[in-house]
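Novice: Protein sequences appear in the order of chains A and B. UniProt numbering puts the first residue of the first sequence at 1, with every later residue one more than the last. UniProt numbering puts the first residue of the second sequence at 1, with every later residue one more than the last.
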Amino acid sequence: MIHNQTIIKERPAPSSAVGPVAWLRTNLFNGPVNTLFTLIGLYILYLLVVPTVQWAFINADWVGSTRDDCSREGACWVFINARFTQFIYGLYPRSEIWRANIVFAGFFTLIAWLAIPRLPFKRWVAVFALVGFPVIAYVLLHGGYFDLPRVSTHRWGGLMLTLLLATVGMVGALPIGIVLALGRRSNMPIVKSFCVVFIEFWRGVPLITVLFMASVMLPLFLPSEMSVDRLVRALIGLTLFQSAYMAEVIRGGLQAIPKGQEEAAAALGMTYWKRMGLIVLPQALKMMIPGIVNTFISLFKDTTLVMIIGLFDLLGIVQAALSDSRWLGFSLEGYVFAAFMFWVFCFSMSRYSQYLERKLHTGHKR
Amino acid sequence: MLNKKHLVLLASAGAITIAGVATAQASTLSDTLSRGAVQCGVSDGLPGFSAPDDDGNWQGLDVDVCRAVAAAVLGDADAVNYISLNAVERFTALQSGEVDVLSRNTTWTTTRDTTLGLNFTGVNFYDGQGFMVSTDLGISSASELDGAAICIQSGTTTELNLADYFRANGMEFDPIVFDTSEQTVGGFQAGRCDVLTSDTSQLAALRIQLDDPSGAMILPDVISKEPLGPVVRQGDDQWFNIVKWSLFAMLNGEEYGVTSENAEEMLESENPDIARLLGQDGNYGEGMGLEADWAYNILSQVGNYGESFERNVGMDSPLEIERGVNALWNQGGFQYAPPIR
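1) Could you work out which residue in K259(A), R25(A) and L163(A) is closest to F345(A) when comparing CA atoms only?
2) Can you list, in chain order, the residues of the segment 88-114 of chain A whose Cβ is nearer than 9 angstroms to any Cβ on chain B?
3) Hey, how far is the Cα of S350(A) from the Cα of I297(A)?
4) Report the option in S134(B), V80(B), L203(B) and G332(B) whose CA atom is closest to the CA atom of D212(B).
5) Would you mind working out which of G191(B), F91(B) and G97(B) sits nearest T114(B), comparing C-alpha positions?
6) With Y245(A) as the anchor, note down where its alpha helix (DSSP H) starts and where it stops.
7) Would a C-beta distance cut-off of 8 angstroms place A204(B) and L46(B) closer than the cut-off?
8) Quick one: residues in its chain with C-beta nearer than 6 angstroms to the C-beta of G74(A), no 5 flanking neighbours on either side, listed in chain order?
9) If contact means a Cβ-Cβ distance below 8 angstroms, which residues of the segment 79-101 of chain B contact chain A?
10) Suppose you measure from the CA of N81(B) to the CA of L218(A); what does that come to, to the nearest Å?
11) Using a Cβ-Cβ cut-off of 8 angstroms (strictly less than) and excluding sequence neighbours within five positions of I236(A), which residues of its own chain qualify?
12) How about H154(A): is its C-beta nearer than 8 angstroms to some C-beta of chain B?
13) Is Q335(B) near the ligand COA, judged by its Cβ being under 7 angstroms from some heavy atom?
14) Just the Cα atoms here: how many angstroms apart are V325(B) and S246(B)?
15) Since V38(B) contacts A70(B) with CB under 8 angstroms, what's their CB separation in whole angstroms?
16) Looking at chain B, is there any beta carbon in it that lies within less than 8 angstroms of the beta carbon of F337(A)?
17) Just list the residues that DSSP pairs S27(B) with in beta bridges.
18) A247(A) to R123(A), Cα distance in whole Å?
19) Under 7 angstroms Cβ-Cβ, which residues of chain B neighbour I308(A)?
20) On the three-state DSSP scale, how would you describe D199(B)?
21) Apply the 10 Å Cβ neighbour rule to Q354(A) and answer buried if 16 or more other Cβ atoms are within range, or exposed otherwise.
22) For chain A, is any of its Cβ atoms less than 8 angstroms away from the one on G48(B)?
23) Go through its chain and collect everything with a Cβ distance to I208(B)'s Cβ below 6 angstroms, but skip five positions before and after it.
24) Report yes if the CB atom of G31(A) is closer than 8 angstroms to the CB atom of D44(B), and no otherwise.
25) Tell me L161(A)'s beta-bridge partners as DSSP assigns them.
26) Chain B partners of A181(A), CB-CB under 7 angstroms?
27) May I ask you to verify whether the segment 238-252 of chain A touches the segment 161-180 of chain A, counting CB pairs closer than 8 angstroms and requiring at least 3?
28) Name the two residues that bound the continuous beta strand (DSSP E) containing C151(B).
29) For the structure I just gave you, are there three or more beta carbon pairs, one from the segment 274-294 of chain A and one from the segment 259-266 of chain A, closer than 8 angstroms?
30) Between M250(B) and I298(B), how many whole angstroms is the CB-CB distance? I'm expecting something under 8 angstroms.
31) What is the DSSP secondary structure of Y126(B), reduced to helix, strand or coil?
32) Where does the unbroken alpha helix (DSSP H) through Q39(B) begin, and where does it stop?
33) Provide the residue(s) that pair with Q335(B) in DSSP beta bridges, ordered along the chain.
34) Of the choices E226(B), M171(B) and N271(B), whose alpha-carbon is the least far from that of D281(B)?
35) Could you tell me whether any Cβ in chain E is nearer than 8 angstroms to the Cβ of Q283(A)?
36) Cα separation between E200(A) and T271(A)?
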């Protein structure tokens with residue numbers, strides 16, 4: 001009976017301790033100095049955000065087809081709209097764009113299939129993605145087979161070319177990088193010195209030089225009947241360049257695996273390739289996910305350098321569009337669009353790698 | 001420009017290697033015929049000269065040279081593979097055979113014509129350094145620019161030409177240097193300088209980017225010589241002739257009043273000059289290995305030089321460049337083509 005009277009009824013915590021007001025007080029207005037900084041911060045944010053929103057959304061022009069449809073008070077998204085197909089497919093012939101669309105659809109389906117854990121047949125899909133799909137993509141994009149008209153690589157461009165360069169670079173650089181990293185740690189002097197020389201050579205020259213040599217000097221040394229496509233030259237240069245970086249990232253992972261792991265595997269009678277493939281590499285690669293994805297992201301952005309050898313990647317085609325006399329003076333819109341596209345892809349890669357890290361983080365969790 | 005110097009060294013080394021190879025090649029004409037398309041090197045984006053339009057088709061004054069050659073050789077102006085080249089790789093691409101015509105606002109100079117294993121086939125645009133001033137200043141000639149603040153883009157020959165011109169005329173100026181063309185326009189717009197200087201073909205493109213293009217005017221004075229023209233490899237005189245006469249056919253077309261619209265009616269013309277040009281009287285394509293209607297194909301599909309000029313850089317385009325020295329010789333300009341006979 002007495003208990004009933006003495007126990008105070010449950011009440012919600014005072015608003016000064018929980019809820020948005022409390023959060024504001026502890027985090028933003030905690031004392032006069034912090035209050036001052038908060039206000040200054042808010043003012044700077046106001047100065048930045050308001051004109052940006054006004055430029056990009058409120059005063060912007062969205063509909064139309066020529067520069068006269070733009071008032072020039074805000075962003076002229078009409079320009080992006082009119083050029084959108086070109087930004088995605090480059091100068092690929094309009095009538096053949098369905099071929100590029102099939103490749104795009106296949107590409108994103110495969111990526112999604114491999115990335116979403118619930119879907120079955122991962123192994124077969126992976127084999128198809130690495131062996132079957134590149135052949136299909138080549139036949140579709142390049143043509144010349146099955147009555148498909150040939151589309152020379154000079155007409156490929158835009159986001160399509162950026163993705164092509166980045167994907168081939170990534171898929172090519174990872175295995176070459178693993179082999180080089182293993183070779184560099186090998187006891188065999190010839191293998192070891194070859195790998196060291198290869199890695200140090202490619203890391204020692206800037207990517208611009210590599211692309212420039214591939215595009216300008218190589219044709220002078222080759223006999224004139226033999227011409228290697230410009231895109232292929234760029235792809236080979238890009239892949240070899242990135243594989244050297246990849247090798248060093250993976251070697252970092254290999255160094256971090258205690259020697260006991262390999263010795264224990266050897267004690268079980270495993271051969272070199274089994275020791276590496278089953279014990280060392282899975283641990284090393286898992287540990288190096290941030291480094292590997294970092295290299296991938298930088299490779300994705302490096303693809304813009306192909307602009308200097310006259311290939312129109314996403315940024316290159318935006319710049320070419322800016323020099324059309326009918327659309328002069330809209331460079332800000334063009335660059336904002338290119339930056340946004342790059343951000344979307346790089347950010348997705350970064351998020352996926354974080355997810356992968358959490359998923360594979362077995363055994364070392366504290 | 002530093003780049004250019006590098007290129008000359010690099011390319012002359014290359015030219016030696018190539019010289020031997022070029023002679024062993026089959027003729028460019030037969031290669032082009034069997035390929036069914038002209039390999040043409042254009043700029044990777046220069047307003048009015050070469051840039052892809054909204055539909056992805058290349059447009060411009062330089063592009064029309066490629067189209068003219070394709071029309072003359074293959075009878076189809078669209079049979080061109082455009083290969084975009086930047087300033088550094090353009091000559092190598094031509095030497096190595098990646099392109100057969102280089103039509104990329106290239107200035108004709110002694111060094112390029114004589115040491116790179118190349119030949120300039122003519123001039124499709126007489127360019128030169130000019131001045132843009134604000135109309136408020138009320139200036140009508142470059143000689144009134146004494147003491148002016150001038151916006152320039154750094155690292156180009158423009159700077160050198162400007163200093164030479166002012167020294168030669170005993171005038172003073174205050175240079176304000178920017179890195180990119182956008183910054184230069186921005187500086188002019190913000191009133192940091194009274195005058196902006198660049199090649200006249202560029203000035204027009206810069207003028208459009210101002211908030212109020214009508215508030216600025218381009219002075220008639222031109223202080224340097226920059227003749228721009230198509231380039232081919234040395235050692236294939238037949239191909240050299242084809243490219244040279246493709247441009248001449250466009251100029252002759254304008255002189256005789258043959259346009260893309262009236263070309264078909266003109267086939268009936270009594271005028272002997274027009275009859276020879278359009279292949280109705282004799283076959284003047286024979287010497288180049290072409291059909292008699294080579295010039296007719298150019299004029300009906302691409303148009304004459306005047307049409308191409310007005311469409312791409314002249315009054316029908318946003319650039320609105322005056323014909324000026326690019327007018328025909330009988331209209332006060334330099335453009336002069338030898339007669340077809």
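Ideal Cβ placement from N, Cα and C applies to all residues, glycine included. This one's a predicted model, so the numbers in the text were calculated from it and none came from an experiment.
Specialist: On the basis of the coordinates in this document:
1) Residue mapping note: residue 345(A) aligns to position 345 of the first sequence, counting from 1. Of K259(A), R25(A) and L163(A), the residue nearest in Cα terms is L163(A).
2) Within the segment 88-114 of chain A, the residues whose Cβ lies closer than 9 angstroms to some Cβ of chain B are Y89, G90, L91, Y92, P93 and R94, listed in chain order.
3) Here residue 350(A) is taken as the residue at index 350 of the first sequence, counted from 1. Here residue 297(A) is taken as the residue at index 297 of the first sequence, counted from 1. About 8 angstroms.
4) The residue you call residue 212(B) lines up with position 212 of the second sequence. Selected option, being the one with the closest Cα: S134(B).
5) As a first step, residue 114(B) is located in the second sequence; it is residue number 114 there, counting from the start. With distances taken between Cα atoms, T114(B) lies closest to F91(B).
6) Here the question's residue 245(A) lines up with position 245 in the first sequence. For Y245(A), the enclosing alpha helix (DSSP H) covers residues R230 to A256.
7) Taking the first residue of the second sequence as 1, we reach residue 204(B) at position 204. Taking the first residue of the second sequence as 1, we reach residue 46(B) at position 46. Against a cut-off of 8 angstroms, the Cβ pair of L46(B) and A204(B) comes out as no contact.
8) Locating residue 74(A) in the first sequence gives position 74, counting from the first residue. Hits under 6 angstroms: W55, N59 and A60.
9) When CB distances to chain A are screened at a threshold of 8 angstroms, the residues of the segment 79-101 of chain B falling below it are N81, Y82, I83, S84, L85, N86, V88, E89, T92, A93, Q95, S96, G97 and E98, in chain order.
10) Taking the second sequence and counting its residues from 1, one reaches residue 81(B) at position 81. Taking the first sequence and counting its residues from 1, one reaches residue 218(A) at position 218. Between N81(B) and L218(A), the C-alpha separation is close to 21 angstroms.
11) Along the first sequence, read from residue 1 onward, the residue named residue 236(A) stands at position 236. Counting only Cβ-Cβ distances below 8 angstroms, and skipping sequence neighbours, we find A214.
12) Position 154 of the first sequence, counting from 1, holds the residue named residue 154(A). True, the Cβ-Cβ gap to chain B drops below 8 angstroms.
13) This structure simply doesn't include the ligand COA, nor any ligand for that matter.
14) Counting from 1 along the second sequence, the entry for residue 325(B) is found at position 325. Counting from 1 along the second sequence, the entry for residue 246(B) is found at position 246. Taking the straight line from one Cα to the other gives about 20 angstroms.
15) Looking up residue 38(B) in the second sequence gives position 38. Looking up residue 70(B) in the second sequence gives position 70. The Cβ separation is near 4 angstroms, so the contact holds.
16) Along the first sequence, read from residue 1 onward, the residue named residue 337(A) stands at position 337. In terms of beta-carbon proximity, F337(A) stays away from the interface with chain B, with every pair separated by 8 angstroms or more.
17) In the second sequence, the residue the question calls residue 27(B) occupies position 27. The partner list for S27(B) (beta bridge, DSSP) is empty, contrary to what the question assumes.
18) Within the first sequence, numbered from 1, the residue matching residue 247(A) stands at position 247. Within the first sequence, numbered from 1, the residue matching residue 123(A) stands at position 123. If I take the Cα positions, the gap works out to 25 angstroms.
19) Numbered from 1 along the first sequence, position 308 holds the residue referred to as residue 308(A). Per Cβ cutoff of 7 angstroms: N86.
20) Against the second sequence, residue 199(B) aligns to sequence position 199. Assignment of D199(B) by DSSP, reduced to helix, strand and coil, places it in the strand class.
21) On the first sequence, residue 354(A) is found 354 positions in, with the first residue counted as 1. It is exposed - the Cβ of Q354(A) has fewer than 16 other Cβ atoms within 10 Å.
22) Residue mapping note: residue 48(B) aligns to position 48 of the second sequence, counting from 1. True, the Cβ-Cβ gap to chain A drops below 8 angstroms.
23) For the purposes of this step, residue 208(B) is identified with residue 208 of the second sequence, where counting begins at 1. Excluding its 5 nearest sequence neighbours in each direction, I208(B) has C-beta neighbours in its own chain below 6 angstroms: P318, listed in chain order.
24) Along the first sequence, read from residue 1 onward, the residue named residue 31(A) stands at position 31. Along the second sequence, read from residue 1 onward, the residue named residue 44(B) stands at position 44. In this structure, D44(B) does not lie closer than 8 angstroms to G31(A) by Cβ.
25) Here the question's residue 161(A) lines up with position 161 in the first sequence. Beta-bridge pairing links L161(A) to no other residue.
26) The residue given as residue 181(A) occupies position 181 in the first sequence. Within chain B, not a single residue places a beta-carbon under 7 angstroms from that of A181(A); the smallest gap is close to 34 angstroms.
27) Yes: at least three Cβ pairs fall under 8 angstroms.
28) To locate residue 151(B), count along the second sequence from 1; it is residue 151. That run of the beta strand (DSSP E) goes A148 to Q153.
29) Verdict: yes, contact present.
30) Taking the first residue of the second sequence as 1, we reach residue 250(B) at position 250. Taking the first residue of the second sequence as 1, we reach residue 298(B) at position 298. Here M250(B) really is in contact with I298(B); their C-beta atoms are around 6 angstroms apart, less than 8 angstroms.
31) As a working note, residue 126(B) is residue 126 in the second sequence. It is a strand residue.
32) Numbered from its first residue, the second sequence carries residue 39(B) at position 39. Premise fails: Q39(B) lies in the beta strand (DSSP E), V38 to S43, not in any alpha helix (DSSP H).
33) Within the second sequence, residue 335(B) is the residue found at index 335, counting from 1. According to DSSP, residue pairing for Q335(B) in a beta bridge involves L328(B).
34) Your numbering for residue 281(B) matches position 281 in the second sequence. Of the candidates E226(B), M171(B) and N271(B), the one whose C-alpha sits nearest the C-alpha of D281(B) is N271(B).
35) Among the protein chains in the structure shown, which are A and B, there is no chain E.
36) For the purposes of this step, residue 200(A) is identified with residue 200 of the first sequence, where counting begins at 1. For the purposes of this step, residue 271(A) is identified with residue 271 of the first sequence, where counting begins at 1. E200(A) and T271(A) have their alpha carbons spaced roughly 29 angstroms apart.
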